[in-house]
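Working notes, beginning with the structure itself.
4 protein chains.
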Amino acid sequence: MSKGRLEAFSDGVIAILITIMVLELKVPQQAGLAALRPLIPIFFSYALSFVFLGIYWSNHHHLLQATQHVDGRVLWANLHLLFWLSLIPFVTGWMGENHFAAWPVALYGTIMLAAAVAYYLLTLALMALHASNSVLATALGRDFKGKVSIVIYLVAIPLAFLNSWFAGSLYVLVAVMWLVPDRRIEKTLAR
Amino acid sequence: MSKGRLEAFSDGVIAILITIMVLELKVPQQAGLAALRPLIPIFFSYALSFVFLGIYWSNHHHLLQATQHVDGRVLWANLHLLFWLSLIPFVTGWMGENHFAAWPVALYGTIMLAAAVAYYLLTLALMALHASNSVLATALGRDFKGKVSIVIYLVAIPLAFLNSWFAGSLYVLVAVMWLVPDRRIEKTLAR
Amino acid sequence: MSKGRLEAFSDGVIAILITIMVLELKVPQQAGLAALRPLIPIFFSYALSFVFLGIYWSNHHHLLQATQHVDGRVLWANLHLLFWLSLIPFVTGWMGENHFAAWPVALYGTIMLAAAVAYYLLTLALMALHASNSVLATALGRDFKGKVSIVIYLVAIPLAFLNSWFAGSLYVLVAVMWLVPDRRIEKTLAR
Amino acid sequence: MSKGRLEAFSDGVIAILITIMVLELKVPQQAGLAALRPLIPIFFSYALSFVFLGIYWSNHHHLLQATQHVDGRVLWANLHLLFWLSLIPFVTGWMGENHFAAWPVALYGTIMLAAAVAYYLLTLALMALHASNSVLATALGRDFKGKVSIVIYLVAIPLAFLNSWFAGSLYVLVAVMWLVPDRRIEKTLAR
Numbered sequence: 076m077s078k079g080r081l082e083a084f085s086d087g088v089i090a091i092l093i094t095i096m097v098l099e100l101k102v103p104q105q106a107g108l109a110a111l112r113p114l115i116p117i118f119f120s121y122a123l124s125f126v127f128l129g130i131y132w133s134n135h136h137h138l139l140q141a142t143q144h145v146d147g148r149v150l151w152a153n154l155h156l157l158f159w160l161s162l163i164p165f166v167t168g169w170m171g172e173n174h175f176a177a178w179p180v181a182l183y184g185t186i187m188l189a190a191a192v193a194y195y196l197l198t199l200a201l202m203a204l205h206a207s208n209s210v211l212a213t214a215l216g217r218d219f220k221g222k223v224s225i226v227i228y229l230v231a232i233p234l235a236f237l238n239s240w241f242a243g244s245l246y247v248l249v250a251v252m253w254l255v256p257d258r259r260i261e262k263t264l265a266r
Numbered sequence: 076m077s078k079g080r081l082e083a084f085s086d087g088v089i090a091i092l093i094t095i096m097v098l099e100l101k102v103p104q105q106a107g108l109a110a111l112r113p114l115i116p117i118f119f120s121y122a123l124s125f126v127f128l129g130i131y132w133s134n135h136h137h138l139l140q141a142t143q144h145v146d147g148r149v150l151w152a153n154l155h156l157l158f159w160l161s162l163i164p165f166v167t168g169w170m171g172e173n174h175f176a177a178w179p180v181a182l183y184g185t186i187m188l189a190a191a192v193a194y195y196l197l198t199l200a201l202m203a204l205h206a207s208n209s210v211l212a213t214a215l216g217r218d219f220k221g222k223v224s225i226v227i228y229l230v231a232i233p234l235a236f237l238n239s240w241f242a243g244s245l246y247v248l249v250a251v252m253w254l255v256p257d258r259r260i261e262k263t264l265a266r
Numbered sequence: 076m077s078k079g080r081l082e083a084f085s086d087g088v089i090a091i092l093i094t095i096m097v098l099e100l101k102v103p104q105q106a107g108l109a110a111l112r113p114l115i116p117i118f119f120s121y122a123l124s125f126v127f128l129g130i131y132w133s134n135h136h137h138l139l140q141a142t143q144h145v146d147g148r149v150l151w152a153n154l155h156l157l158f159w160l161s162l163i164p165f166v167t168g169w170m171g172e173n174h175f176a177a178w179p180v181a182l183y184g185t186i187m188l189a190a191a192v193a194y195y196l197l198t199l200a201l202m203a204l205h206a207s208n209s210v211l212a213t214a215l216g217r218d219f220k221g222k223v224s225i226v227i228y229l230v231a232i233p234l235a236f237l238n239s240w241f242a243g244s245l246y247v248l249v250a251v252m253w254l255v256p257d258r259r260i261e262k263t264l265a266r
Numbered sequence: 076m077s078k079g080r081l082e083a084f085s086d087g088v089i090a091i092l093i094t095i096m097v098l099e100l101k102v103p104q105q106a107g108l109a110a111l112r113p114l115i116p117i118f119f120s121y122a123l124s125f126v127f128l129g130i131y132w133s134n135h136h137h138l139l140q141a142t143q144h145v146d147g148r149v150l151w152a153n154l155h156l157l158f159w160l161s162l163i164p165f166v167t168g169w170m171g172e173n174h175f176a177a178w179p180v181a182l183y184g185t186i187m188l189a190a191a192v193a194y195y196l197l198t199l200a201l202m203a204l205h206a207s208n209s210v211l212a213t214a215l216g217r218d219f220k221g222k223v224s225i226v227i228y229l230v231a232i233p234l235a236f237l238n239s240w241f242a243g244s245l246y247v248l249v250a251v252m253w254l255v256p257d258r259r260i261e262k263t264l265a266r
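For the protein sequence lines, the chains are A, B, C and D, in the order given. Be aware that the first sequence starts at 76, since it is given in the numbering used here, and climbs by one per residue. Be aware that the second sequence starts at 76, since it is given in the numbering used here, and climbs by one per residue. Be aware that the third sequence starts at 76, since it is given in the numbering used here, and climbs by one per residue. Be aware that the fourth sequence starts at 76, since it is given in the numbering used here, and climbs by one per residue.
Shown next as structure tokens:
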């Protein structure tokens with residue numbers, strides 16, 4: 076089974092998600108600079124989610140690059156990932172419009188946690204199709220970053236109720252950690 | 076005539092449908108957990124429709140995988156299917172926002188029935204282009220699941236006026252039945 | 076210069092247009108059947124525009140199928156077509172929400188006329204790149220349907236101010252005329 | 076690393092941006108011609124941004140056409156460009172709805188400046204992967220137009236506070252200058 080449509084469909088969904096998030100930045104009625112001020116937290120939560128979706132797209136790209144074939148289980152593991160990603164615009168808007176209040180920040184982390192787990196399940200579904208000495212297996216290795224991300228989310232979610240800005244900073248930390256694309260796969264493919 | 080653009084266009088439409096449905100989950104003004112409560116039925120109807128669109132995408136993927144070529148009639152059978160699928164966000168929102176009331180649940184089933192019939196017509200249009208001993212013909216076989224789905228919808232639609240939650244459960248049943256992707260085609264291709 | 080991205084980009088834009096039009100069908104607050112009644116004209120104008128965009132996509136597909144290469148002029152002729160197509164959701168909504176009143180029906184025809192002219196310019200830009208005995212040239216021939224459509228729009232637009240329903244029927248006539256995809260190209264390719 | 080998904084994802088994002096901008100043209104409640112009058116500035120700002128996004132898509136197409144391979148750095152330079160492009164619908168709506176007032180016009184230019192710089196960084200990231208005598212390097216040459224655009228934006232942004240229509244005219248000038256697609260690349264590829 077070819078992976079072409081899986082890539083095309085995922086590209087489509089992520090491209091749309093990254094774009095409709097910007098609709099939450101509602102065009103103000105007034106023309107002055109002051110009209111933009113209420114949009115600042117919404118802009119920051121937009122920029123953060125843009126980076127997260129960019130990371131997912133980039134890692135998904137690397138992951139499928141190292142993949143030779145897919146099956147029905149992979150299709151559904153991928154749709155499961157897209158389901159959680161599809162909720163990002165909602166939590167992004169809720170967090171931005173409520174100035175990073177406790178519950179929205181905690182829900183943001185929960186959706187991010189679910190997406191991270193879904194991505195991990197997708198790698199498992201792909202590994203089940205590839206030999207343990209394949210490019211994919213070598214490239215994924217122990218998946219250090221994926222595991223650390225999950226731990227950070229688990230810490231940040233309860234933290235949101237103590238200090239939601241600190242929890243938000245932990246999300247930024249995860250994003251920064253991932254910003255370097257998954258060199259493991261690039262390096263392994265190069266060899 | 077190549078099938079590439081048919082796949083790309085269908086991927087695009089389904090990706091957009093699956094994504095704009097989430098816009099019906101409107102970002103609440105308040106930051107508390109209570110603000111999410113009214114969204115619960117909308118979330119469930121979103122999740123159900125996400126799974127249905129995922130099933131259509133996955134089955135469409137399998138179907139076209141077994142297809143060698145397409146013609147103008149297939150293009151239009153496919154557009155006809157996409158037309159009914161394009162109404163899913165509307166009925167999903169109507170059903171969710173009205174807490175699974177009778178008419179919205181009945182209309183949801185009607186659109187699902189129309190989409191199921193349109194999918195069946197698409198398989199007929201494809202079969203007309205392929206020999207009766209082709210991969211496609213063998214893989215589709217008697218299309219048991221497709222016929223059962225249509226019967227369930229025909230039962231569920233009138234049932235919505237007696238007990239709309241029971242009708243809704245029948246839709247969930249159809250989704251569960253289809254969640255396993257069409258192994259027939261995978262198996263036939265593997266041989 | 077390859078035609079792949081021209082096709083992909085056009086597929087994307089048309090897929091999105093066909094899908095966002097459905098957002099004009101706003102989810103009613105009430106659950107009864109009566110709540111759907113005001114949506115009936117909007118639904119009909121949606122269905123008509125869905126068919127028109129389907130026709131453009133299908134003909135575009137056939138046209139590019141017969142094309143060997145593209146240049147910068149073709150890119151812009153194509154973007155020019157997409158510009159007019161992008162206004163279809165707006166005029167569709169305006170016509171539907173105002174129950175096929177004179178001005179909206181006339182503007183609908185004007186946008187359709189502009190799109191038809193833009194499609195004609197695209198065929199000219201493509202012909203300039205291909206020999207007069209190429210598949211494309213033979214397939215396009217005298218482009219009878221394209222010319223008749225333009226004449227019908229020119230008649231229908233002023234007619235909208237006398238009887239907007241009659242003008243609307245002429246648009247349906249154009250759609251019916253085109254529903255059969257461009258067999259000329261399929262036949263010429265088959266030879 | 077293949078460039079296919081980079082192209083597909085960029086096509087998707089630009090196609091969606093170009094299309095959701097049209098949602099800012101809100102369907103009027105009245106059916107008369109007068110109902111369209113308030114939309115005229117919004118229409119012009121839509122048309123201008125459509126042309127700009129068309130230029131970016133067309134130049135991106137030419138740029139990637141001359142590219143042999145991409146790496147993680149190129150992926151992120153591309154996402155960075157898409158981030159600024161994703162803000163175009165917002166500034167387009169703000170400028171159109173406020174009849175080309177000073178601040179919206181200045182912000183429009185700022186986003187365009189950021190996108191132009193991001194495009195320049197993308198060409199740098201691509202050049203780092205290709206030899207100085209490659210098709211890409213020869214084709215890009217001194218990138219005269221790119222540099223002139225940045226200078227015009229830098230002049231137009233402060234000018235918006237003196238005469239916003241004059242600043243707007245400078246944006247139109249940039250668009251006209253770019254409307255001819257990047258012949259350098261086409262010519263170099265042809266050789």
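Just so you know, even glycine gets a beta-carbon here, dropped at the ideal spot from N, CA and C. Given the structure is predicted, the values throughout are model-derived calculations rather than measurements.
CA-to-CA, the gap between THR167(B) and VAL192(D) works out to about 43 Å. Against VAL102(C), the close residues of chain B are GLU99, PHE165, GLY168, TRP169, GLU172, in the order they occur along the chain (beta-carbon pairs closer than 8 Å). By the Cβ test, the region 106-114 of chain C is not in contact with the region 235-249 of chain A, since fewer than three Cβ pairs between them sit closer than 8 Å. By the rule that beta-carbons nearer than 8 Å mark a contact, ASP218(C) does not touch chain B. For LEU237(D), the number of other beta carbons within 10 angstroms of its own is below 16, and it is reported as exposed.
For SER239(D), the three-state secondary structure derived from DSSP is helix.
Going by DSSP, LEU234(A) is part of the alpha helix (DSSP H) stretching over 219-234.
In chain order, ALA181 place their CB closer than 8 Å to the CB of PRO233(C), counting only its own chain and leaving out the 5 sequence neighbours on each side. For PRO116(A) and TYR228(C), the gap between their C-alpha atoms comes out near 49 Å.
Between LEU154(A) and VAL230(B), the alpha-carbon positions lie close to 29 Å from each other. The alpha carbon of TRP169(D) has as its nearest neighbour, out of LYS78(D), ASP86(D), TYR121(D), LEU254(D), the alpha carbon of TYR121(D). Counting C-beta atoms within 10 angstroms of its own C-beta, HIS144(A) has fewer than 16 neighbours from the protein chains shown and is therefore classed as exposed. Closer than 8 Å to the CB of THR94(C) there is at least one CB belonging to chain B. For PRO179(A), the chain B residues whose C-beta falls within less than 8 Å of its own C-beta are ALA106, listed in chain order. When rounded, the separation of the alpha-carbon atoms in SER77(D) and VAL251(A) is 25 Å. Among the residues of chain B, none has a CB under 9 Å from the CB of TRP253(C); the nearest is roughly 11 Å distant. Using a Cβ distance threshold of 8 Å, THR94(C) and SER161(B) count as a contacting pair. Taking C-beta atoms under 8 Å as the contact rule, ILE130(C) and LEU254(C) qualify, at a distance of about 7 Å. Residues of the same chain with a CB within less than 7 Å of the CB of ASN173(D), apart from the 5 flanking positions on each side, are PRO179 in chain order.
Ranked by Cα distance from PHE119(C), the options HIS136(C), LEU188(C), LEU100(C) are led by LEU100(C).
Taking a C-beta distance under 8 Å as the contact criterion, ALA176(C) and ALA106(D) qualify as a contact pair. Check the Cα spacing between THR213(A) and each of ALA141(A), LYS220(A), SER85(A), PRO164(A): the tightest is with ALA141(A). At a cut-off of 8 Å between C-beta atoms, SER133(A) does not count as an interface residue with respect to chain B. Sequence-ordered contacts of the region 178-205 of chain D with chain C are nonexistent [C-beta pairs closer than 7 Å]. Against chain B, the CB of SER161(A) has a partner CB under 8 Å away; the residue lies at that interface.
DSSP places GLU99(A) outside any alpha helix (DSSP H), giving it a letter other than H or E. At a C-beta separation below 8 Å, VAL247(B) has no neighbours in chain C, since its nearest C-beta there lies roughly 20 Å away.
Under the DSSP assignment, GLY107(C) falls outside any alpha helix (DSSP H); it carries neither an H nor an E label. Cα atoms of ALA152(D) and LEU197(D): separation of roughly 5 Å, rounded to the nearest angstrom. With a beta-carbon spacing of about 6 Å, SER85(D) and HIS135(D) fall inside the 8 Å limit used to define contacts. The C-beta separation of ARG80(A) from GLU82(B) comes to about 6 Å, placing the pair in contact by the 8 Å criterion. For chain B, none of the residues of the region 231-246 of chain A brings a beta carbon within less than 9 Å of one of its beta carbons. Of all residues in the region 126-159 of chain B, the ones placed with a Cβ closer than 7 Å to any Cβ belonging to chain A are GLY129, TRP132, SER133, HIS136, GLN140, in chain order. In this structure, PRO164(D) sits near LEU92(D), with a CB-CB distance shorter than 8 Å.
Rounded to whole angstroms, ALA189(D) and TRP159(D) show a C-alpha spacing of 6 Å. Non-local C-beta neighbours of LEU123(B) in its own chain, meaning closer than 7 Å and more than five positions away in sequence, comprise TYR246, VAL247, ALA250, ordered along the chain.
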